[in-house]
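Numbering (my numbering), first residue to last: 489 to 1107.
From the three backbone atoms N, C-alpha and C, an ideal C-beta is built for every residue, glycine too.
Source: prediction; values computed, not measured.
This report concerns only the one structure given below.
Below is the structure:
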């Protein structure tokens, strides 16, 4: 089997549908069972010389796994990923739905390993897969157990997408990550796969395959993508709210699938306490709470409010995961009682899709919890929530010429309410529909306050002589100095000021260059590319005065320092390419030449489109 061509990832990802990913396609050879004599070069000693292409075993086997993750399995919140005792906490489980080839290939998932050259490692003619924790095949069993548990449960919910067996790669050749992607087999067929990588911090004791929630998170990316469209990507840009929704829904599914296994002292609304929580230098754990872990009132979040003056405070150190003002605040990673000013100054991920996901995760978790109260049992509630979600995803809008990124959090909320009112996803009582609507409203996802007309203006920040915009060279002529010169290529961002009291949510930005010699790079650089002089991008939010006042309500020691402009409200501008547009400046543009960028801005809570003009003089 040929080597998988896989792009490197940030923490937990999906590709190309979407834990931080860049859109790409991996191409690999067919993953039929390998036969013949193995090459031992670089492969684990346990790799079988060949595996059967005929049925030789039954449909049920046994294996050893961690119950959800080593922390939950041990009941010990202080257990270290570097501990030599992790193997003491495994449990023997039944492995159903096997196809009988003696491998971990089943009705719902097909598990291979990079330790055996993208082929099968675990092999038993009696379906005995009870490997000890130190054996690399243990990771394969974890993948099969949780992959099968999740996808068979989707089938029981009438929500299985895609149909057929889903490829999972244990011991995947990727550092500190796990991701979902798609590739093509040797026949040109599109194949979904999940890659479960290794830990560089604890390479000898653990891997991402030991976190059941992560595996189910990645599989849900494939489910979301297939439910949405067979041809269109769910999220288009490196950052857009569809990407945050995608991550939030995957976190949510991981939580409800693991809910019944979580034991004290652990919280069932915290996602990936093992891989995200412990395998990095600082915790990147996410979850469904209404406030960050580092705020004083976590986990009760008694100070939560979607109203900025109540739910947010610099002096009170209050942050609420409410839309849109709570978008982007990190869920974990800082000490309890941390000052929001210090978090803001040190964190660069305020538009990153995983960091903006907890509002969606939290709303869906609360819907699930409300269904637990009104359903026969938690399994029934889970099935109802999964079907409601999948049927809702199928109704979300597709990209079009006027909006390449039409899926936003308010759109999702509106569609959820509408779906609950129909019989398509099963019957929801009037009381249940009211509960769902109230939960979405409390998170700020419906009934948004409008920014009104005339709210937008060119921001006051001037960088290197360019008023209201920032240019960062990727290919400079002479020294890189953020000044536009003929023949250069670079990234641009636009500073937009908001005069409204309310935050402009998820503004869609359409930019037109007035000079045909200043062009946008193609779709490989700009997913919102329309033509050489027109392209789209989406920003996270532009603060209104209500949230600005709430987070600057004390002394200089406390005040966060945000303002009501994009450049002073979302600290990712100029840091990376997530919200940049790529441009190319023709070599014939002489110093002193002037042209305009026309910027049309359409927020999720606006009454229409605002148009601004940014004059540029070549320097």
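Through-space distance from residue j to residue i, alpha-carbon basis
i, j, result
"residue 768", "residue 1016", "33 angstroms"
"residue 901", "residue 913", "15 angstroms"
"residue 731", "residue 840", "9 angstroms"
"residue 1087", "residue 998", "6 angstroms"
"residue 608", "residue 651", "22 angstroms"
"residue 717", "residue 591", "32 angstroms"
"residue 1020", "residue 861", "55 angstroms"
"residue 952", "residue 1000", "22 angstroms"
"residue 1077", "residue 1052", "34 angstroms"
"residue 867", "residue 649", "19 angstroms"
"residue 526", "residue 541", "Residue placement at residue 526 cannot be trusted, given a pLDDT of 38 that sits under 50; what the coordinates show is reported in the next sentence. Taking the straight line from one Cα to the other gives about 15 angstroms."
"residue 945", "residue 984", "6 angstroms"
"residue 442", "residue 563", "The first residue shown for the chain is 489 and the last is 1107, placing residue 442 beyond what the model contains."
"residue 857", "residue 819", "20 angstroms"
"residue 964", "residue 1049", "32 angstroms"
"residue 569", "residue 773", "15 angstroms"
"residue 907", "residue 834", "41 angstroms"
"residue 1116", "residue 1006", "Because residue 1116 is not part of the residues shown, which for the chain are 489 to 1107, the question remains open."
"residue 604", "residue 623", "13 angstroms"
"residue 996", "residue 1024", "7 angstroms"
Strand pairing of residue i, partner residues [DSSP]
i, result
"residue 1103", "1084"
"residue 774", "759"
"residue 1109", "Given a span of 489 to 1107 for the chain in the structure shown, any question on residue 1109 remains unanswerable."
"residue 870", "The partner list for residue 870 (beta bridge, DSSP) is empty, contrary to what the question assumes."
"residue 950", "955"
"residue 600", "657"
"residue 754", "Answer by DSSP bridge pairing: none, since residue 754 is not bridged."
"residue 562", "None, per the DSSP bridge assignment."
"residue 617", "551"
"residue 1053", "985"
"residue 684", "666"
"residue 1070", "979"
"residue 1090", "996"
"residue 594", "586"
"residue 628", "According to DSSP, which records beta bridges pairwise, residue 628 is partnered with nothing at all."
Same chain, Cβ closer than 7 angstroms to residue i, five either side skipped, listed in chain order
i, result
"residue 989", "1032, 1033, 1034"
"residue 559", "565, 567, 754, 761, 762"
"residue 614", "545"
"residue 960", "970, 978, 979, 1062"
"residue 863", "869, 872"
"residue 748", "866"
"residue 528", "Confidence at residue 528 is low in this model, with a pLDDT of 47, below 50, so the placement of that residue is unreliable and no value is reported for it."
"residue 1013", "1070"
6 angstroms CB neighbourhood of residue i in its chain, flanking five on each side removed
i, result
"residue 904", "880"
"residue 706", "666, 668, 682"
"residue 962", "977, 978"
"residue 993", "812, 1029, 1091, 1092, 1093"
"residue 1084", "1002, 1101, 1103"
"residue 859", "869, 872, 873"
"residue 661", "602"
"residue 612", "590"
Under 9 angstroms between C-beta atoms of residue i and residue j
i, j, result
"residue 801", "residue 1038", "yes"
"residue 776", "residue 740", "yes"
"residue 658", "residue 601", "yes"
"residue 1008", "residue 1072", "yes"
"residue 1046", "residue 829", "yes"
"residue 821", "residue 847", "no"
"residue 617", "residue 627", "no"
"residue 878", "residue 715", "yes"
"residue 630", "residue 698", "yes"
"residue 968", "residue 1075", "no"
"residue 736", "residue 701", "no"
"residue 981", "residue 1055", "yes"
"residue 931", "residue 845", "no"
"residue 1121", "residue 543", "Only positions 489 to 1107 of the chain appear in this structure, which leaves residue 1121 out of reach."
"residue 621", "residue 575", "yes"
"residue 837", "residue 850", "no"
Beta-carbon contacts of residue i that lie in its chain and below 8 angstroms, excluding the five residues immediately before and after
i, result
"residue 750", "556, 560, 756"
"residue 654", "596, 597, 598, 635, 639, 680, 681, 682, 707, 710"
"residue 786", "777, 779, 780, 824"
"residue 581", "550, 551, 552, 553, 633"
"residue 1066", "725, 726, 727, 839, 840, 1060"
"residue 579", "552, 553, 554, 555, 561"
Residue i: CB within 8 angstroms of a non-hydrogen atom of the ligand GTP
i, result
"residue 764", "The model depicted lacks the ligand GTP and carries no ligand whatsoever."
Complete alpha helix (DSSP H) runs within the segment 792 to 845 (minimum length 4 residues, chain order): Those alpha helix (DSSP H) runs which fall completely within the segment 792 to 845 and span 4+ residues are 796 to 799, 828 to 834.
Those runs of the alpha helix (DSSP H) which lie wholly inside the segment 887 to 959 and span at least 4 residues: 897 to 908, 918 to 930
Every unbroken beta strand (DSSP E) within the segment 960 to 1039, with a cutoff of 3 residues, ordered by chain: Within the segment 960 to 1039, the beta strand (DSSP E) runs of at least 3 residues that lie entirely inside it are, in chain order, 977 to 982, 984 to 986, 996 to 1001, 1006 to 1008, 1017 to 1019, 1022 to 1026.
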